[in-house]
Structure formats: C-alpha cells, structure tokens
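Structure record follows, encoded as structure tokens.
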Amino acid sequence: MKKITAIYVRRSVSDKDKGNNSLSIDSQKADCIRYLENGGKLSKDSYRIYCDDGKSGKDIAHRPAFQQMMTDARNGLIDKIIVKKYDRFSRNMREYLNITDELDKYGVGVISLSEPFNTETKEGRMMRNNLLNFAEFERETIAARVADAYVTRAMETGFYQGGKRYYGYEPERRTINGKTGSVLVPSDRANVIQIAYEMYQKPDVSLKDVIDYFKENAVDTSRPSYSPERDISVMDRSQLSKLLRSPLYVRADVEVYKYLLSKGYHLIDDVEAYDGIHGLFIHKHQEGGYFIKVGYHEGLVSSDVWLAVQDKKEHNLRIPNNGSSTNSWLVGLVKCAHCGYSLGVYYSWNASHTKQRRYYRDSGAYNATGCVSRSLKAVRPDDLENIVYDAMKKRLETLTIMKNEQERPDNETEKLKADIARMDGEIHKLMDKLADADEVLFDYIQKRVKELHARKSETEDKLNTRERKKKAIDTSPLAEPLAHWDELTVDEKHDVAVTIIDNIKVSDETGVDISFSI
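Quick note on numbering: the working numbering labels position 292 of the sequence shown as 1196, and the sequence is numbered without any gaps.
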C-alpha cells in the first residue's frame, strides 16, 4: 500500500482573536502544499489534509482531526507529517515528545516549515525542544493572564463572569453604572431554590426529604426547556447540599456580612453594600482561599432563612454518622469528658442470664494512648436519658421565655461580649509595648497577639451564631414531640435530640455536662 504525506493544520481561538493571517487555516494549507510541490505538480492522492480549526494546542484529546491522523499513522498509511510550525503540532512539551517518540516507532517523520533544522541530530533535537519549551511557556503565560483578568473583573464588578451556569438563574445583558455585562436574572426554576431553602431550614427535614418532595411534584419532562441536570428530583444529596450552601442565593444583609466575616472569607465590599437585596458571588483566589463580591443580581432567599440553613448544616457536620440509634436515642452525642471519644452502649446479662443491662464503654480507653478515665462509666444509659430529657424540657421552657423577652440579653451572650472586650483590651496593651520591646519580648508579643486574635475570632463566631439563633428561635416544632415523648420511636427521639444538643460530656468525677446548640 502506498503511503501518503499528512498535512496537519490547526488554528486556535486566540489566534483568530489576534488576527494573525499567517496562521490562518488557508495560509497553512497553501504553504505546506507549496513545500510538497517544490516547483512540480502534486497529485491529490499523494497527500491528505487534517484540519483542526478553533482547537487549542494545549493537548490532543480535544482535536478530532489529530486523533484521526494518529490512527492512520498507526495503521501504516502515513509516511511523514508536514506542519507550518511545531507549535501547530503541540504546545505541550511532554506531550509532543511522547507523540514524536510514538511516530518514530511507526517510521513517521515530522517536518516543520518554520523551524528548518534536522531533528535526527542531537543539536537539532535540542533546538526543537527549546522552541517547544518557549511555546509551552507562552501558553502557560496566556492562561495565567486570562485567570488574572478573570479574578480582577470578579473583584471589581458584580457582573456574572460566565462559565459556570447557576441553578435558578439565567444570564441577561444589562448596562449598570455605564458598563455593560451579564447579570443573573431568575429563571423558571427560581421557585425551586426558594422551596428547597424553606423546607430544609425546618429541624425535621433532611436533604432526602427535599429531593423526595420534588420527585413527587416532578416537573413536566416533555417540555422543550427541560433538562435532567436542572431538576432537583434527579440530584443527589451532595449536589443539593452545594446549592443550599451557596451565598449566590441570599439577599445579603448585615447579618450575612457578619457571618461570612466570622468564617474568614475575604469580603471585597464594605458592609454598606449588603443591602438585603442582592446576592453574592464566591470566587477562588489564585493563591488560595476565597473572596466574596456583592453581585448585581437579586437574591432568591431571605437572610434569616439562608442563615438558618447554614447553622443547621454546620450543626449536622458536628454530628457524626450515627448509624442505627436503636441502642439509645443519645447515640453519637455522648462523649468522654476526659478524652473526647464517643461512649458506646453495650449490654450485659445478669447471673441467671434472664435480664440485660445497658452500660457505657469509653472507646478512647482502647486507642494508642488510652484515656485517663476507666473504660466503663458509672452513669447508665437509662439514667442519662432521663437526665437529658429533663434538661431538654427545661431548655425548651427557657427558649420560650427568651422568645417572649428578646430584648433581655442572656448571661451567656453577655459573657461572650465581655470576653471579646477583655481580649481587645489585652491586644491593645500588648501592641503599645511593641515599640519598646527587645527581640525576645517582640516574639512573645507577636505570638500572644496571634493567639488572642484566634480566640477572639472563635468567640465572635459563637456570639454571632447565638444572636442569630436567638432571633430565629421557633420552639413550636420541639414542643409537640417533647410533650408526647413516650409515644416516639427511638429514631424520632434521636432526631429531636440532635436538633437541640451539640454534645454531652460524661465524667465519673464531674458528672454530666450538656451543651445545647439552640
């Protein structure tokens, strides 16, 4: 079988934007054919043109014509490959060398019209590799400039930057403050987001419950605009969880500003921009971390609902996957006060093997270091459940009073504020001493100030969370199950407990310490 010469031509989108006529598809074809003719006639069946128009040179995976050319080379149909420049072939140095090594095995040479050196010599290969190194450097530089430009635009404007599509919105061109760009406007799925947030903020509603709701109220899948990836009923829980975490949908106000600040985000706009109307974009810094910019689009969810969902999700993260709660409705909540490990519920029989008793065993006693406390705890699960149930009832009574007297600050809130004021005072005193400090004292002050800032940030986070929860407390969903406690199943009791309680610390020396989440 007679082999042919392959002519490979490629032009990327960036080449088109630059208006580089020398790298146009027609120009590349003409130059390569002229080289083959070399003053004589060239038959049409002696060569074949493989063309990838509008394809990047960063890899070969997304270039169909190049893939076909490689298949023909493997099948022994090609004698040599002609390109205008080596970077038309590939801009990726490692990929280029892998491909040329493969082509060498098939006896296929690669000839560049713009780099006339012999790659059969070590000097020629060195020159070729140097040129490819520069081409790859140029590609990486262009990519970095594009990323820099994206981040700069994202920090300077509230326009939608393109790329990712957001559920519940669609882009629309608008002019704002004399500049034109894309603004997100609510789509026909915006109400789905609102329903999902309203449902999930309730203590007894899970992600699965939300998905099941939309399965039962499925959209018309025959409509022209329907697409499965835009339907919550076919999402998994992780996809829905991301939607419920996104600040894109919140009508951001001062409370949202304080919340995001407490989480360590870099907020581009001052608090005045958080007007309770507009949503937020979250972008990733190139050097790591995230920054948040107030967008021109209107949020879909009120700040109270959005913050309630965030608090619920954070609380769920602190509660481990408890598996079955049939042993006790406190499973997963009870910890050793000494080592922090979970206490598991175990059973033992009496001497006559006619009756079982439950007891707690400290899992921390069996780790590498061991717990200072004994493995079997003195308090029994039956007794602890009664203690916790009584404490939850008292807590509910307190919450009801707090709701009726919201203007009266509680002791814990005042204590947190006092701690913040005390830390601020100590930080200011230490900073005043920096000017006269020697090297040793300077290092100590720096370390101490860093510790105080970390503790202050953690305390402010607790205060903000407490104040939001106090404002949004709704005791009615808890009053009903607590009033009919004996009628609930173990799992139902467990669901109520994890809604109210963060953790329960147990110690033979100090007794039971219950930390409530509301």
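In this text, a Cβ means the ideal position worked out from N, Cα and C, and glycines have one as well.
Keep in mind that this is a model prediction, so the values were computed, not measured.
Status (buried if at least 16 other CB within 10 Å, exposed otherwise) for residue i
i               : result
glycine 961     : buried
methionine 1335 : exposed
glycine 1268    : buried
lysine 1162     : buried
tyrosine 1194   : exposed
alanine 1212    : buried
glutamate 904   : No answer is possible for residue 904: it lies beyond the span of the chain, which begins at 905 and ends at 1422.
arginine 967    : buried
threonine 975   : exposed
leucine 1152    : buried
lysine 945      : exposed
arginine 1278   : exposed
arginine 1069   : exposed
Unbroken alpha helix (DSSP H) run spanning residue i, endpoints
i               : result
isoleucine 1115 : 1111 to 1120
histidine 1332  : 1315 to 1337
serine 1142     : 1141 to 1149
valine 903      : Because the chain here runs from 905 to 1422, residue 903 falls outside it and cannot be looked at.
Contacting residues, own chain, Cβ-Cβ under 6 Å from residue i (five flanking each side not counted)
i             : result
arginine 1299 : Phe1420
valine 1209   : Tyr1101, Gln1105
proline 1107  : Pro1381, Thr1403
Beta carbon of residue i nearer than 9 Å to that of residue j
i              : j               : result
aspartate 1417 : isoleucine 1408 : yes
isoleucine 982 : isoleucine 1015 : no
tyrosine 1264  : valine 1292     : no
cysteine 936   : isoleucine 911  : yes
tyrosine 1200  : valine 1087     : yes
glycine 1062   : arginine 1093   : no
arginine 851   : leucine 1111    : In the structure as shown, the chain begins at 905 and stops at 1422. Residue 851 is therefore absent and cannot be evaluated.
glycine 1203   : arginine 1261   : no
arginine 1370  : leucine 1303    : no
lysine 1281    : aspartate 1390  : no
valine 1205    : isoleucine 1172 : no
Range of the contiguous beta strand (DSSP E) that encloses residue i
i              : result
glutamine 1260 : 1260 to 1266
isoleucine 908 : 908 to 915
arginine 1077  : 1073 to 1080
leucine 1184   : 1182 to 1188
valine 1238    : 1238 to 1240
valine 1198    : 1194 to 1202
leucine 1088   : 1083 to 1090
valine 1096    : From DSSP, valine 1096 is part of no beta strand (DSSP E) but of the alpha helix (DSSP H) over 1094 to 1104.
isoleucine 929 : Element bounds for isoleucine 929: not the beta strand (DSSP E) but the alpha helix (DSSP H), 929 to 941.
aspartate 1279 : Residue identity check: residue 1279 is serine in the sequence provided, not aspartate. Neither: serine 1279 is in no beta strand (DSSP E) and is coded neither H nor E.
Own chain residues within Cβ distance below 8 Å of residue i, not counting five before or after
i              : result
methionine 973 : Ala910, Tyr912, Tyr954, Ile982, Ile985
isoleucine 908 : Asp949, Ser950, Tyr951, Arg952, Leu981, Ile982, Asp983
Residues near residue i in its chain [Cβ-Cβ closer than 7 Å; skip 5 each side]
i              : result
aspartate 1365 : Ser1166
valine 993     : The displayed chain sequence assigns phenylalanine, not valine, to residue 993. Tyr912, Val987, Tyr1000, Val1014.
aspartate 1399 : Asp1108
threonine 1125 : Unreliable positioning characterises threonine 1125 in this predicted model, as indicated by a pLDDT of 42, which lies under 50. The coordinate reading is nonetheless provided below. There are no such residues.
List, from N- to C-terminal side, the alpha helix (DSSP H) runs of 4 residues or more that fit wholly inside the segment 1379 to 1421.
1380 to 1387, 1394 to 1404
To test your reading of the DSSP string, which unbroken alpha helix (DSSP H) runs of 4 or more residues are found completely within the segment 944 to 995?
968 to 978, 990 to 993
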